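2 protein chains.
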Amino acid sequence: MLQSQLFTKTRKEAPKDEVAKNAELLIRAGYIHKEMAGVYSYLPLGLRVLNKIALIIRREMNAIGGQEIFMTTLQNKELWEKTGRWSDEKIDNWFKTKLKNGTEVGIALTHEEMLTAIMAEEIKSYKDLPRSAYQIQTKFRNEARAKSGIMRCREFMMKDLYSFSRDEKEHEAFYEGSKEAYKKVFEGVGIGKVTYLTMASGGIFSKYSHEFQTLTSAGEDLIYICDKCKEAVNKEVIADFKNACPKCGNTKLREEKAVEVGNIFPLGTRFSDALGLQFLDEKGEKKSVVMGSYGIGLGRLMGVIVEVFADEKGIVWPKEVSPFQAHLVSLAGEDTKVKKSADELYKKLTEKGIEVLYDDRGLRPGEKFADSDLIGIPLRIVVSAKTLEADGYEIKDRATGATELVKEDVLLKIFK
Amino acid sequence: MLQSQLFTKTRKEAPKDEVAKNAELLIRAGYIHKEMAGVYSYLPLGLRVLNKIALIIRREMNAIGGQEIFMTTLQNKELWEKTGRWSDEKIDNWFKTKLKNGTEVGIALTHEEMLTAIMAEEIKSYKDLPRSAYQIQTKFRNEARAKSGIMRCREFMMKDLYSFSRDEKEHEAFYEGSKEAYKKVFEGVGIGKVTYLTMASGGIFSKYSHEFQTLTSAGEDLIYICDKCKEAVNKEVIADFKNACPKCGNTKLREEKAVEVGNIFPLGTRFSDALGLQFLDEKGEKKSVVMGSYGIGLGRLMGVIVEVFADEKGIVWPKEVSPFQAHLVSLAGEDTKVKKSADELYKKLTEKGIEVLYDDRGLRPGEKFADSDLIGIPLRIVVSAKTLEADGYEIKDRATGATELVKEDVLLKIFK
Chain A
865 MLQSQLFTKT RKEAPKDEVA KNAELLIRAG YIHKEMAGVY SYLPLGLRVL
915 NKIALIIRRE MNAIGGQEIF MTTLQNKELW EKTGRWSDEK IDNWFKTKLK
965 NGTEVGIALT HEEMLTAIMA EEIKSYKDLP RSAYQIQTKF RNEARAKSGI
1015 MRCREFMMKD LYSFSRDEKE HEAFYEGSKE AYKKVFEGVG IGKVTYLTMA
1065 SGGIFSKYSH EFQTLTSAGE DLIYICDKCK EAVNKEVIAD FKNACPKCGN
1115 TKLREEKAVE VGNIFPLGTR FSDALGLQFL DEKGEKKSVV MGSYGIGLGR
1165 LMGVIVEVFA DEKGIVWPKE VSPFQAHLVS LAGEDTKVKK SADELYKKLT
1215 EKGIEVLYDD RGLRPGEKFA DSDLIGIPLR IVVSAKTLEA DGYEIKDRAT
1265 GATELVKEDV LLKIFK
Chain B
865 MLQSQLFTKT RKEAPKDEVA KNAELLIRAG YIHKEMAGVY SYLPLGLRVL
915 NKIALIIRRE MNAIGGQEIF MTTLQNKELW EKTGRWSDEK IDNWFKTKLK
965 NGTEVGIALT HEEMLTAIMA EEIKSYKDLP RSAYQIQTKF RNEARAKSGI
1015 MRCREFMMKD LYSFSRDEKE HEAFYEGSKE AYKKVFEGVG IGKVTYLTMA
1065 SGGIFSKYSH EFQTLTSAGE DLIYICDKCK EAVNKEVIAD FKNACPKCGN
1115 TKLREEKAVE VGNIFPLGTR FSDALGLQFL DEKGEKKSVV MGSYGIGLGR
1165 LMGVIVEVFA DEKGIVWPKE VSPFQAHLVS LAGEDTKVKK SADELYKKLT
1215 EKGIEVLYDD RGLRPGEKFA DSDLIGIPLR IVVSAKTLEA DGYEIKDRAT
1265 GATELVKEDV LLKIFK
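Keeping their order, the protein sequence lines are chains A and B. Just so you know, this note's numbering puts 1023 at position 159 of the first sequence, and the rest follows in order with no gaps. Just so you know, this note's numbering puts 883 at position 19 of the second sequence, and the rest follows in order with no gaps.
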């Protein structure tokens, strides 16, 4: 894409009320637009990142048999009354609205109730199990304070998968498989090395659940890492394990600040009991379906990636989620030969299906480089009078700053 | 995908309160689930259709330079007060809710206000124009009665593109280009031949706008078609043209029932004036940006396609938007040879990247065929003892009912 056509521009300052580094950088670079605290629109660059994250998540959810669906935002009060979660005293961050006839409806806080009710119409027999379904859809949480940028929003895109099993054993097998799928997601988006499977509280659903926690100084959680097992325990439950690793008993745990980028929850039969999701087993006996829920916030994940890799110059994307594979920066100025060379390279790369942001704007080199650093595409390709003379291109690694003068054939091999 | 694994089942009856043919069939076939009147979740088959429609729309919007974004559902009251559209007396189908601190917020009725405000931060000079941006995002309309299935919903997915131009002339050029892009969309999803560019009222924005109207007996609009120009006029404005074609003066117009599947609106400077979207022209003079808006409801389009092509047996998808390219129906029963042949064909087709729904369920042939007719995938492939003996496969065209016994090489060529 031609940067001269991109409708967003970089800016020196984020809105004054923006205190989170992730949102500050993403706004300055033109990825997102702040509508109100905790509510952000995704602009062209931002949506490209979000779509890449979504693609990686879909790949792994499909691989474990998840069937993708898209449920609604407006939700029936009756469903939530059956599980006892409608009242504002029970759930303190509801958004609600009203139909014309005065009927109150909920605005998708989450979708356990809705999908359980859908499944109650589909699952009748043990032959209909196991099943799992997921969606990538918006959730709404009426947070009193929202000051972590896109890491904690009032409105945010989430992947939520729900599993339906015949019994605890079948559930357990799916649950373990989901851990592996989640690991692949976090490896896939480039934060595998700093993300830990973490034992956490099960909240109202079960004794324990599991979180995936990513190390960052912006983290609001404290986790205790066992470097032997490469797993962690959330501070909230570490006392339950006498400050030792629940797996190997190791007591030399490393305390770190982290952000939860995903969670997986055993739900037992809490929802299936309340909403009539039963099936007939092999003996013809009626049983409740055993459920689990598995969430990843896409915007939060994007925010965490920014927090983990950004440096003083701006964002640094892992190549897997970068909005473009390369940032082609032309220093043509008035030099038509340089312009022609950059134009041709842009054409050649895009024809090969490589995603390139081409800075064809008439700005000074310093401005272009500063913008490029801020936007954070991992590979920069510079075309200038100097590179033209050397019959090559200068490439620069955004993360390390390393530069190299390469011939065209070497450049093209990078994208293989 | 193995039909035995698909979590939805077909059913004999839709909910009793469902009066629209499109929703009735889509519910019975397992494409959608009704949450409340005018609010439908998309199940695996339904989401596949919706995604195919989205892909075709994106292709054409990108081709005219649209930059994809994703704006939010929660909207600032202040923006809408500036254009005078916040009051329930002005807009009678708002959904609204409240933040914790009591602040009222709107729930995305539409996004003109929000995008105009975003653009006011990006567009400063004539050099920043023209621009256009679009999204595929949910809209909410508090309809008192919602009884047209997925053709008129309280919550629905919409593609809305907005254009930003220097002056009327530049706007006009984009507007004309959008007509061609829209034609390609409707041809792309298979309803090009029954869809007419239709002159309509401009509502509060301008004297006239244009709709794309698709002929169907379920239509709530009446249009007057000029068979010479292949264009139409909506009944609401036909008197303005003295009951003649505005293009050629033809007075022999054909009256038809139709449904609006898309609309394009000149917005003038109504929003840019109200929200401060101004730019400096070549002479350094401040001018308001000239805008247009361009909508297509994805669910409505899906509903219209069902209405147009369905027959007494069920849905008939055009191949462009069918959830799968082929419905492979195995009549193996206890015959392991037939099962093996069907399994192998499924494997071969999916390995070639062909999307196949494989009915591997242990049901009687009559049940399988009835389900297949209801689901409406355009090409059915039957594997049975009979076809195995003939060393071929029976293929059936869902639309015409024509069957043919073909060899494997002929079958594979169909997907080329």
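Idealized CB from N, CA, C, for every residue including glycine. In this text the structure is predicted, and so the values were computed from the model without any measurement.
Beta-carbon proximity list for Cys1112 of chain A, same chain, < 7 Å, skipping 5 on both sides
Cys1090, Lys1092, Cys1093
In this structure, does DSSP put Thr947 of chain A in helix, strand or coil?
coil
Residue range of the beta strand (DSSP E) that includes Gly1283 of chain B:
Missing from the structure shown is residue 1283 of chain B; chain B here goes from 865 to 1280 and no further.
Looking at chain A, is there any beta carbon in it that lies within less than 8 Å of the beta carbon of Pro908 of chain B?
yes
Just to confirm, are Met1166 of chain A and Val883 of chain A a CB contact at a threshold of 8 Å?
no
Examine the ligand NAD and report whether any of its heavy atoms sits within less than 7 Å of the Cβ of Lys1003 of chain B.
Looking at this structure, you won't find the ligand NAD or any other ligand, since it has none at all.
Could you tell me which residues DSSP pairs with Thr961 of chain B in its beta bridges?
B:Val969
Quick one: is Val1274 of chain B buried, meaning 16 or more other Cβ sit within 10 Å of its Cβ, or exposed?
exposed
8 Å Cβ cutoff met for Asn957 of chain A and Glu899 of chain A:
no
Within 8 Å of any Cβ in chain A, is that where the Cβ of Arg1018 of chain B sits?
yes
Nearest candidate by alpha-carbon position, reference Leu973 of chain A, set A:Leu993, A:Ser1042, A:Gly948, A:Thr1002
A:Thr1002
Cβ atoms of Pro1130 of chain B and Phe1069 of chain B: under 8 Å apart, would you say?
yes
Check whether chain B comes within 8 Å of Ser1012 of chain A, counting only Cβ atoms and requiring the distance to be less than that.
no
Using a Cβ cut-off of 7 Å, pull out every chain B residue sitting near Ala1008 of chain A, in sequence order please.
Lys964
Find the residues of chain B that neighbour Leu1162 of chain A, judging by a C-beta separation of less than 9 Å, and give them in chain order.
Under the 9 Å cutoff, chain B gives no residues; its nearest Cβ is about 11 Å from Leu1162 of chain A.
I'd like to know if Ser1288 of chain B contacts chain A, where contact means its C-beta is closer than 8 Å to some C-beta of that chain.
The requested residue 1288 of chain B does not occur in the structure, where chain B is confined to residues 865 to 1280.
Please report the distance separating the alpha-carbon of Ser1012 of chain A from that of Lys916 of chain A.
22 Å
Could you tell me whether the segment 1097-1113 of chain B touches the segment 1131-1148 of chain B, using the rule of 3 or more Cβ pairs below 8 Å?
no
Per-residue contacts from Arg995 of chain B into chain A (C-beta, under 7 Å):
Phe871
Could you have a look at Pro994 of chain B and say whether DSSP puts it in helix, strand or coil?
coil
Select from the segment 922-937 of chain B all residues with a C-beta closer than 8 Å to any C-beta belonging to chain A, and list them in chain order.
Gly929, Gln931, Glu932, Ile933, Phe934, Met935, Thr936, Thr937
Where the alpha helix (DSSP H) containing Asp1145 of chain A begins and where it ends
Where Asp1145 of chain A is concerned, there is no enclosing alpha helix (DSSP H), given that its DSSP letter is neither H nor E.
So that I know if they touch, is there some Cβ in chain A lying closer than 8 Å to that of Lys1203 of chain B?
no
What is the DSSP secondary structure of Lys1260 of chain A, counted as helix, strand or coil?
strand
Measure the CB-CB distance between Val984 of chain B and Phe871 of chain A and report whether it falls below 8 Å.
Correcting the residue identity first, residue 984 of chain B is Ala in this sequence and not Val. In this structure, Phe871 of chain A does not lie closer than 8 Å to Ala984 of chain B by Cβ.
If you measure between the beta carbons of Leu1079 of chain A and Val1053 of chain A, is that distance less than 8 Å?
no
Let me know if Glu1285 of chain B comes out buried or exposed under the rule of 16 or more other beta-carbons within 10 Å of its beta-carbon.
No statement about residue 1285 of chain B is possible, as the shown extent of chain B runs from 865 to 1280 and does not include it.
Nearest-angstrom Cα distance between His1035 of chain B and His1191 of chain A?
31 Å
Inter-stretch contact at 8 Å, needing at least 3 Cβ pairs: the segment 1179-1197 of chain A / the segment 1223-1237 of chain A
yes
Out of B:Gly1041, B:Ile1000, B:Asn965, which one is the CA nearest neighbour of Asp1024 of chain B?
B:Ile1000
Check whether Ile1128 of chain A and Tyr1039 of chain A have beta carbons under 8 Å apart:
yes
May I have the straight-line CA-CA distance separating Lys873 of chain A from Ile1245 of chain A, to the nearest angstrom?
20 Å
For a contact defined as C-beta to C-beta under 8 Å, what are the partners of Asn940 of chain A on chain B?
Glu899, Met900
Determine the chain A residues that contact Lys960 of chain B at a beta-carbon separation under 7 Å, and present them in chain order.
Thr961
State the beta-bridge partners of Asn1127 of chain B as determined by DSSP.
B:Glu1075, B:Gly1159
Between the C-alpha atoms of Glu942 of chain A and Arg922 of chain A, what's the straight-line distance to the nearest angstrom?
31 Å
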